[in-house]
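Residue numbers (UniProt numbering): 1 to 497.
Using N, Cα and C, we set each Cβ at its ideal position, and we do this for glycine too.
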């Protein structure tokens, strides 16, 4: 609540023009009212009344002058500004933005923002932050939080309170005033340094985490992974983690950089077959997830996951292979073989390495989310043949879902059965792999599924080793994602033609 008593009430007239209708909200130094315009009948404005002692008046005037100089569709437009010296009050008249605060929306809708609206929301906020940060004298907002964002009926977001914003000054080492909302403010806002554009980007990360956990978390703490909504786009997670780095130099350095990352990540998911993407694009787009699900026990899911992981490691390096079921034994046996010890004597560490691939045995979903914030280009999930909720959810969320089914003629129908059982889910990005299948089986399955991404996997006795035939199939499967290096011809061969 406002610390100072207000001088306005219902029916009060401000500036001989604005009649107060009702209170919209209040804070520590101000209160906002809805007012009707007596000169423009039917027009409504928001009137912000700030009452403070003499020491704070300069601070409030600075905010008013700054707001008047700004012009952006996601900021309130200032149409009038005046002081009332006898009472020590300053009044700002600005656009009235219809809607509710994001904080109120989250409380009213059980902490739920539709997943398809989260990235557009982030881009809207970044748009206005980029505008503020690139002024001739950069403006740092410093209080990005749900209560300061208005959600309009058209699901557009606007910033509504500049109470603690400041202009960035190169010569300062620290902020003069330490302000910000706990949980959303960057660490440097509490005295460790001067706030700059990266401070607002930290707050954006806190805001996105708040949305992704249904309002439960705004700081990356132990266990937060378990509260991130399962249906969200995967590429958001490493972006949020980088935004929330404690040290500013470890975060994104500008709003423009975050915008580029979000757009590249989204574009990466929609690359069309035949369109090449450079290795640099893969690096920048963050970690990609390949999920391998067996139709039935013994269909070859683990074998295929290993082959895919080592293929990707040879092409791009930095690959993790995750065994996402707690009762599986395959990786434990492999770990023992790698360490050359007796059964049951492997080290307690769940991670081990084989030819550049990091194997993670008996891993939980929370661990997978943690790995997404790391430096892996690809994470391959070995889901086995189970279809419990957790593993099915990971399969459906993956960037590249791979279904592995038997190539035997009499078992091909197992795949169509799985597709029918999950027909309520979009399946266009699914890939179907049939070990040892004939070309006729592949052709028939493509027709039955009305899907062209069906592949016959050749005999490959050692999935850890390179195999030319297997590489050809995987080159086709990951076409448009992995740039396949072509051998250069010697000049003398060209001259012979």
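| message | Quick check on residue 276: does DSSP put it in helix, strand or coil? | response | Here residue 276 corresponds to residue number 276 of the chain shown, with the count starting at 1. With a pLDDT of 35 at residue 276, under the threshold of 50, the modelled position of this residue cannot be trusted, and the question is left open.
| Member of 70, 368 and 108 whose CA lies at the smallest distance from the CA of residue 223 | Taking the chain shown and counting its residues from 1, one reaches residue 223 at position 223. The shortest Cα separation from residue 223 among 70, 368 and 108 belongs to 368.
| said: Report the start-end ranges of each alpha helix (DSSP H) in the stretch 57-119 that is 4 residues or longer and not cut off at the edges. | reply: 102-108
| request: Compute the Euclidean distance between the alpha carbons of residue 325 and residue 451, then round it to the nearest angstrom. | output: Within the chain shown, residue 325 is the residue found at index 325, counting from 1. Within the chain shown, residue 451 is the residue found at index 451, counting from 1. The straight-line gap from Cα to Cα measures roughly 29 angstroms.
| Where the beta strand (DSSP E) through residue 288 begins and ends | Along the chain shown, one-based indexing puts residue 288 at 288. Where residue 288 is concerned, the enclosing beta strand (DSSP E) stretches over 288-294.
| said: Using only the alpha-carbon positions, how far apart do residue 19 and residue 12 sit? | reply: As a working note, residue 19 is residue 19 in the chain shown. As a working note, residue 12 is residue 12 in the chain shown. Cα to Cα, residue 19 sits roughly 6 angstroms from residue 12.
| request: Hey, could you find the ends of the alpha helix (DSSP H) residue 17 is sitting in? | output: In the chain shown, residue 17 corresponds to position 17, counting from 1. Element bounds for residue 17: n/a, residue is neither H nor E.
| query | When you compare only the Cα positions, how much space is there between residue 80 and residue 144? | reply | Within the chain shown, residue 80 is the residue found at index 80, counting from 1. Within the chain shown, residue 144 is the residue found at index 144, counting from 1. Between residue 80 and residue 144, the C-alpha separation is close to 25 angstroms.
| query | Which residues bound the alpha helix (DSSP H) around residue 240? | reply | Along the chain shown, read from residue 1 onward, the residue named residue 240 stands at position 240. Per DSSP, residue 240 belongs to the alpha helix (DSSP H) from 236-243.
| message | Restricting to Cα atoms, I'd like to know which of 317, 92 and 188 is closest to residue 513. | response | Limits of the chain in this structure are 1 at one end and 497 at the other, which puts residue 513 out of reach.
| said: So, under 8 angstroms CB-CB, residue 187 and residue 133 are touching, yes? Tell me the CB distance rounded to an integer number of Å. | reply: Counted from its first residue, the chain shown places residue 187 at position 187. Counted from its first residue, the chain shown places residue 133 at position 133. Contact doesn't hold; Cβ gap of about 19 angstroms is too wide.
| message | So for residue 435, helix, strand or coil by DSSP? | response | For the purposes of this step, residue 435 is identified with residue 435 of the chain shown, where counting begins at 1. Here residue 435 sits in strand by DSSP.
| field | C-beta atoms of residue 385 and residue 309 nearer than 7 angstroms | value | Here residue 385 refers to the residue found at position 385 of the chain shown. Here residue 309 refers to the residue found at position 309 of the chain shown. No. Outside cutoff.
| How would you label residue 137, buried or exposed, when you count the other beta carbons within 10 angstroms and need 16 or more for buried? | What you label residue 137 is simply residue 137 of the chain shown in a count that begins at 1. Under this definition residue 137 is an exposed residue.
| query | Expressed to the nearest angstrom, what Euclidean distance is found between the alpha-carbon atoms of residue 461 and residue 116? | reply | Working through the chain shown from its first residue, we reach residue 461 at position 461. Working through the chain shown from its first residue, we reach residue 116 at position 116. Their backbone Cα atoms lie some 43 angstroms apart in a straight line.
| field | Bridge partners - residue 360, DSSP secondary structure assignment | value | Position 360 of the chain shown, counted from the start, is the residue given in the question as residue 360. Beta-bridge pairing links residue 360 to 322 and 351.
| request: Examine the Cβ distances between the stretch 434-445 and the stretch 389-409 and report whether three or more of them are shorter than 8 angstroms. | output: yes
| In this structure, what does DSSP give as the bridge partners for residue 158? | Looking up residue 158 in the chain shown gives position 158. The partner list for residue 158 (beta bridge, DSSP) reads 150.
| Distance, residue 157 Cα to residue 105 Cα | Mapped onto the chain shown, residue 105 falls at position 105. Mapped onto the chain shown, residue 157 falls at position 157. Taking the straight line from one Cα to the other gives about 12 angstroms.
| Residue closest to residue 383, alpha-carbon to alpha-carbon, out of 302, 153 and 478 | If you number the chain shown from 1, residue 383 lands on position 383. Checked all of 302, 153 and 478; the closest Cα to residue 383 is 302.
| message | Is it the case that the stretch 191-206 contacts the stretch 238-257, given that we only count it when at least three CB pairs across the two stretches are under 8 angstroms? | response | yes
| message | Taking 6 angstroms as the limit between beta carbons, can you name the residues of its chain near residue 111, skipping five residues before and five after? | response | Within the chain shown, numbered from 1, the residue matching residue 111 stands at position 111. Closer than 6 angstroms at Cβ, skipping near neighbours: 214 and 215.
| Helix, strand or coil: which one does DSSP assign to residue 503? | Because the chain is modelled from 1 through 497, residue 503 falls outside the range shown and cannot be assessed.
| DSSP three-state assignment for residue 217, whether helix, strand or coil | Sequence index remark: in the chain shown, residue 217 carries index 217 (1-based). Of the three classes helix, strand and coil, the one that applies to residue 217 here is coil, per DSSP.
| Spatially closest choice to residue 238 from 288, 331, 211 and 84, by CA coordinates | The residue labelled residue 238 in the question sits at position 238 within the chain shown. The candidate whose alpha carbon is nearest that of residue 238 is 288.
| task | Count the other C-beta atoms from every protein chain shown that fall within 10 angstroms of the C-beta of residue 109, then say buried if there are 16 or more, exposed otherwise. | result | Position 109 of the chain shown, counted from the first residue, corresponds to residue 109. The residue in question, residue 109, is exposed, as its Cβ has fewer than 16 Cβ neighbours within 10 Å.
| field | residue 206, enclosing alpha helix (DSSP H) - first and last residue | value | For the purposes of this step, residue 206 is identified with residue 206 of the chain shown, where counting begins at 1. 197-212 is the extent of the alpha helix (DSSP H) around residue 206.
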